[in-house]
Amino acid sequence: MSKIIEKFALLINVKTIVTFVVIAVFAILALRGEFDAQATMQVVTMVIAFYFGTQHEKKDPGGDAPKD
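Per our numbering, the sequence shown starts with residue 775, numbered consecutively.
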């Protein structure tokens with residue numbers, strides 16, 4: 775049970791919340807027809823790429839450097 779709480783605590787940080795809110799807002803606007811789908815997809819893709827890019831960078835701070 776404590777592992778679930780720890781993972782949930784890691785999930786709730788400002789960057790994660792902002793990412794989910796941006797995706798939700800753009801998805802709702804696209805479904806309502808207030809944005810075209812292409813613009814929505816570009817913004818959501820950028821947000822997701824940034825989010826997962828920074829998550830990967832946290833796990834592997836060495837980057838693409840070859841390991842000896």
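Glycine included, each C-beta is placed from N, C-alpha and C at the ideal position.
Item to check | Separation of V799 from L805, as counted between CA atoms | outcome: 10 Å
Checklist entry - How many Å lie between E808 and I778 at the Cα? => result 38 Å
Checklist entry - Which residues in the same chain have their Cβ closer than 6 Å to the Cβ of L803, if we skip the five residues on either side of it in sequence? => result F809
Item to check | Proximity test, V792 beta-carbon vs the ligand SAM heavy atom, cut-off 7 Å | outcome: As for the ligand SAM, it is missing from this structure, which has no ligand bound.
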